[in-house]
Amino acid sequence: MTTINTSKPILVTGATGYVAGWITKKLLDEGLTVHAAVRNPNNKDSVAHLIQIAEKSKGTLKFFKADLLEYGSYDASMKGCELVFHTASPFINKVKDPQRDLVDPALLGTSNVLESVNRTESVKRVVLTSSVAAIIGDAVDCQRYPGGIATEEQWNFSSTINHQPYSYSKTVAERKAWEIAGEQNRWDLVVINPSLVIGPGIKPSFNSESFRIIKQLGDGTSRLGVPSFSIGVVDVRDLAEAHYNAGFLPEANGRHIISAQESSLLSLSQILSAHFGNDFHFAKGTLPRLMVLLMAPLAGFKRKMISRNIGYPWRADNTKGIKALGIKYRPVEKSITDMFQQMINSGMIKDKRKK
Ligand code: NAP
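Counting from 4, one number per residue, gives the positions in the sequence shown under the working numbering.
In structure tokens:
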């Protein structure tokens, strides 16, 4: 049981990110003091939206410069904190060098942050943003889990540096976090394992892969159809609530799958089509498996990834998150249409309905 003193500052690593933005907003709206650790506090483009939110809130925001790959980089921002949200980690599917671009920031970054935690006597709890990718590597892996459904008991066993390197980066980083947490008993670790995060950002655009995936459903890329991929989805606002509760509920512990429901690229397209009309060329069907396999390298995907995901149901049990963290998920229709509307409003997606 861990009780957090709300008069103490709270650290959010990677506060400039899509997920962290909503966590930071929630903390500020609750009147708390947030230490926002960011790579470049002087870059107005990446921090201006946080300053605006802080100005409208009851809370206090302070920026600190920190990089996952610099040893000791988080010491200053962690000073006096009892609670640390470690969200910083790249979420990109296509990278040149998976070790440098994904695994190092995820794994060395997590070690670096947690070594700062070990040095900072005030810290009582760390909430780590892992991923459901640390549980399920490819959809086909669900078949090896009891009843074909993944739970917090399972670990991704199939991803490697060469196959699904993002999922691999999240798996090794979370394993490292549990290892470091297990070597001491001053602070506890609570882990959040979200599925694909959707919903509007606290600003219109982020580097997160979430934006690239949803944009491709409506920018014409998917007009001929989408691969038959099954995925879990969760609203970014509900995910922020899950993080908040994981931070402050004294009894919170262990891993939590945070996923509103299982969906598919086709069903997301169909929701968007019903709401926004046909002018955006949303997919009306799925592409034949053979065609996707043949085209995969042209689109920058490996055939092994396609063959281990296309047509296989992706299933994860979200019961623990609902019960232990009290999460009430909003409908996926609301999340995806709010996000798409924001993309139209910001010009990220051209509104083809305008004459
Ligand atoms: P995002 O918007 O790209 O945020 C990533 C954050 O990590 C950014 O603040 C980025 O800082 C920071 N970062 C990256 N490399 C860094 C480095 N070397 N040093 C310091 N900071 C660094 O992505 P997101 O979707 O919000 O992801 C946030 C977390 O959620 C990640 O841990 C991700 O794995 C996890 N997650 C996301 C999803 C999803 O669907 N979006 C699903 C499951 C889990 P800059 O602004 O300086 O680039």
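Using N, Cα and C, we set each Cβ at its ideal position, and we do this for glycine too. Keep in mind it's a predicted model, so treat the numbers as computed, not measured.
Assuming residue i and residue j are in contact, meaning their beta carbons sit under 8 Å apart, how far apart are those beta carbons, in whole angstroms?
i	j	result
residue 389	residue 247	Coverage of the chain is limited to positions 4 through 358, which leaves residue 389 absent and any answer about it impossible.
residue 290	residue 227	7 Å
residue 77	residue 115	7 Å
residue 50	residue 66	6 Å
residue 355	residue 166	Residue 355 to residue 166, Cβ: 37 Å. No contact.
residue 69	residue 80	6 Å
residue 96	residue 169	6 Å
residue 62	residue 37	6 Å
Let's see if you can read the secondary structure: which residues bound the beta strand (DSSP E) around residue i?
i	result
residue 304	Looking at the DSSP string, residue 304 is not in any beta strand (DSSP E), and its letter there is neither H nor E.
residue 274	Unbroken run through residue 274 is the alpha helix (DSSP H), 268-279; no beta strand (DSSP E).
residue 234	233-238
residue 192	191-197
residue 131	128-132
Taking residue i as the reference, give the member of the options with the closest Cα.
i	options	result
residue 154	161, 139, 162	139
residue 108	36, 234, 72, 286	72
residue 35	49, 13, 17	13
residue 183	244, 112, 156	112
residue 56	69, 125, 39	39
residue 323	212, 47, 193	193
residue 292	283, 279, 311, 274	311
residue 255	202, 20, 283, 129	129
residue 217	160, 338, 127, 185	338
residue 4	341, 249, 356	249
residue 91	106, 97, 99	106
residue 161	62, 151, 141, 348	141
residue 344	46, 283, 151	283
residue 341	63, 81, 169, 237	237
residue 17	9, 102, 11, 53	53
residue 269	288, 277, 125, 281	288
residue 321	29, 235, 42, 244	235
Mind checking which residues open and close the alpha helix (DSSP H) that includes residue i?
i	result
residue 59	47-59
residue 214	212-221
residue 340	335-348
residue 65	Counting along the chain, residue 65 falls outside any alpha helix (DSSP H), though it belongs to the beta strand (DSSP E) covering 63-68.
residue 122	112-122
residue 26	21-32
residue 180	168-185
Could you tell me whether the segment 125-140 touches the segment 195-208, where touching means 3 or more Cβ pairs closer than 8 Å?
yes
At a cut of 8 Å, does the segment 144-156 reach the segment 83-97 through at least three beta carbon pairs?
no
Taking three-plus beta-carbon pairs below 8 Å as touching, is the segment 108-125 in contact with the segment 182-189?
yes
Are there three or more Cβ pairs, one per stretch, closer than 8 Å when the segment 306-317 is compared with the segment 173-184?
no
Do the segment 207-222 and the segment 249-262 meet, that is, are 3 or more Cβ pairs less than 8 Å apart?
no
Between the segment 279-299 and the segment 225-243, do at least 3 Cβ pairs fall closer than 8 Å?
Yes: at least three Cβ pairs fall under 8 Å.
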